[in-house]
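Novice: Here the working numbering is used: the first residue of the sequence shown is 10, the next is one more, and so on.
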Amino acid sequence: MVEAQLRRRGIRDERVLRAMGRIPREEFVPAESRLMAYRDDPIHIGFGQTISQPYMTALMAEALELTGVETVLEVGTGCGYAAAVLGELAARVVTVEIVPALVHMARATLRRTLCDSSIAVVEGDGSLGAAAYAPFDAISVAAGAPEIPASLVEQLNDPGRLVIPVGDRADQELRVLWKQNGRIDYRVATQCRFVLLRGGEGWQ
Ligand code: SAH
């Protein structure tokens, strides 16, 4: 996976490649999908949700340019895999999930795989961020939104970086946004197709 799907496609950050090699992805998928765990695709995890394609998880983690000292917010925990990867790359991860059953599942998996020491899984609507833990040096949103939720931009540190799929169900672009000296800029990393962000501002 690391060589064929990530390095060959342009993921260069050695810390990201190492983290992706270290986290046991098969532990984060349903038992019947274990044999497919390292495929180049998202996989259904139940509740209408998926574990993201490995390349997407790596691309998003790389875009955040983490060095190991950051506090990171993830919106959309799902199975907890990306949170585990981010946990290897930053000092602390707060990950918010809106489906209670997935919160329990992610907590249990992170504990079982011993990935939970720097990760807090919080139940709630992540489109509102996690004010109690803010500000964040980096924010990763794992579900598509029609626009960037204002609360997330507010809870982003200066300097700080945020990665989010923006668009509708069929057509999204992965935006990498950075805040510096009070200014906000962004670039588009790639086209993508995530499940949609729920809640908050009444989008779904
Ligand atoms: N991070 C996961 C991918 C999760 S898919 C991985 O490692 O593969 C997106 C997740 O976002 C789903 O679990 C979905 O339930 C959750 N989600 C959708 N809207 C949300 C919201 N407003 N707040 C928090 N989580 C949300």
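Positions of the beta carbon are idealized from the N, C-alpha and C atoms, including for glycine.
Given this structure, state the Cα-to-Cα distance separating Asp167 from Met114, to the nearest angstrom.
Specialist: One C-alpha to the other measures close to 33 Å.
Novice: Alpha carbon to alpha carbon, how far is Phe186 from Glu156?
Specialist: With the sequence shown as reference, residue 186 is identified as Leu, and Phe is not the correct amino acid for it. Their backbone Cα atoms lie some 12 Å apart in a straight line.
Novice: Is Glu106 close to the ligand HEM? I mean its beta-carbon at under 7 Å from any heavy atom of the ligand.
Specialist: Looking at this structure, you won't find the ligand HEM anywhere; what it does contain is the ligand SAH.
Novice: Smallest Cα separation from Ile60: which of Leu73, Ile128, Thr86?
Specialist: Closest option to Ile60, Cα to Cα, is Thr86.
Novice: Tell me the DSSP bridge mates of Gly153?
Specialist: The partner list for Gly153 (beta bridge, DSSP) reads Leu205.
Novice: In terms of residues, what are the limits of the alpha helix (DSSP H) holding Thr66?
Specialist: Unbroken alpha helix (DSSP H) run through Thr66: 63 to 72.
Novice: Going by DSSP, name the residue or residues bridged to Ile128.
Specialist: Note: Ile128 sits in a beta bridge opposite Val102.
Novice: Buried or exposed: where does Ala13 fall if 16 or more other Cβ atoms within 10 Å of its Cβ makes it buried?
Specialist: Per the 10 Å Cβ criterion, exposed.
Novice: Where does Met45 land, buried or exposed, given buried means 16+ other C-beta within 10 angstroms?
Specialist: Looking at its Cβ environment, which holds fewer than 16 other Cβ atoms inside 10 Å, Met45 is exposed.
Novice: Is it the case that the CB of Cys124 approaches a heavy atom of the ligand SAH more closely than 7 Å?
Specialist: False, no ligand heavy atom lies under 7 Å from that Cβ.
Novice: To which residues of the same chain is Asp125 closer than 6 Å at the C-beta, ignoring the five residues directly before and after it?
Specialist: Within the same chain, Asp125 has close Cβ partners Leu119.
Novice: Hey, how far is the Cα of Ile20 from the Cα of Glu132?
Specialist: Their backbone Cα atoms lie some 31 Å apart in a straight line.
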